[in-house]
Amino acid sequence: MKLYDFEVKDIYGENYDLSQLKGKKVLVVNTASKCGLTPQYEVLEEVYKEYKDNDFVIIGFPANNFGSQEPGTNDEIASFCEKNYGVSFPMMSKISVKGEDMHPLYQWLTSKEKNGVEDAPVGWNFQKFMIDEEGNYVGMVAPQESPASEEILNWIKS
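The opening position of the sequence shown corresponds to residue 14 in our numbering, with each subsequent residue numbered one higher.
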């Protein structure tokens, strides 16, 4: 399987076919508005602005799986992201990133059986998954690591 096999809904409820990202490196991040790591939105936006013209995109997936830190509706989340962090990268509708109701995309991202690389269960908000230009899973960067970490920036530039 590849990233391109999935269709999700954007934060406005419209279908978003991930195959439209062919040829781009994609950083998939599960986000939350009321988390100690929420300021990572600012760094994500900086990285996105710097590299978006180099076939790179970030996709945010709000999730309320950890400590009820994303309780809002999609509209509230979109407003929060725009108002507080000027988020311009694509944000998707709120989903579940673990447990019995885990979204199929996250089943692929977190299971070696499905992504062919590693098991990478989501441990907290702002876990970052790297997907190459062909839609293949590359690896995961822990929630506490900055979106501007050496590992991520070197991968984007490679």
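Heads up, the beta-carbon is just placed ideally off N, CA and C, and yes, glycines get one too.
Just so you know, these numbers come straight off a predicted model, no measurement behind them.
Between which two residues does the alpha helix (DSSP H) containing Leu122 stretch?
Within the sequence shown, the letter at position 109 stands for residue 122. Its alpha helix (DSSP H) spans residues 117-123.
Under the assumption that Leu16 contacts Val39 (Cβ atoms under 8 angstroms), give the Cβ distance between them as a whole number of angstroms.
Walking along the sequence shown from the start, residue 16 turns up at place 3. Walking along the sequence shown from the start, residue 39 turns up at place 26. About 6 angstroms separates the beta carbon of Leu16 from that of Val39, a gap short enough to meet the 8 angstroms contact definition.
Report the partner residues of Leu40 according to the DSSP bridge assignment.
Against the sequence shown, residue 40 aligns to sequence position 27. In DSSP, Leu40 forms a bridge with Ile71, Met143.
Does Glu131 come out as helix, strand or coil in the three-state DSSP assignment?
As a working mapping, residue 131 is identified with position 118 in the sequence shown. The three-state secondary structure of Glu131, taken from DSSP, is coil.
Of the choices Ile165, Ile108, Ile90, Ala161, whose alpha-carbon is the least far from that of Val100?
Here the question's residue 100 lines up with position 87 in the sequence shown. With respect to the C-alpha of Val100, the residue from Ile165, Ile108, Ile90, Ala161 having the closest C-alpha is Ile90.
Does the Cβ of Gly129 have 16 or more other Cβ atoms within 10 Å, making it buried, or fewer, making it exposed?
Numbered from its first residue, the sequence shown carries residue 129 at position 116. Classification for Gly129: exposed.
Could you check how far apart the C-beta atoms of Met105 and Phe69 are, in whole angstroms? I think they sit under 8 angstroms.
Residue mapping note: residue 105 aligns to position 92 of the sequence shown, counting from 1. Residue mapping note: residue 69 aligns to position 56 of the sequence shown, counting from 1. Rounded, the Cβ-Cβ distance is 17 angstroms, inconsistent with contact.
Just checking my contact of Phe79 with Asn138 at CB under 8 angstroms: how many whole Å lie between their CB atoms?
For the purposes of this step, residue 79 is identified with residue 66 of the sequence shown, where counting begins at 1. For the purposes of this step, residue 138 is identified with residue 125 of the sequence shown, where counting begins at 1. That pair is a contact at about 5 angstroms.
By Cβ distance, which residues of its chain are closer than 8 angstroms to Lys22, with the 5 residues on each side in sequence left out?
Along the sequence shown, one-based indexing puts residue 22 at 9. Counting only residues of its own chain and dropping the five nearest sequence neighbours on each side, Lys22 has a CB closer than 8 angstroms to the CB of Asn28, Tyr29, Met105, Ser106.
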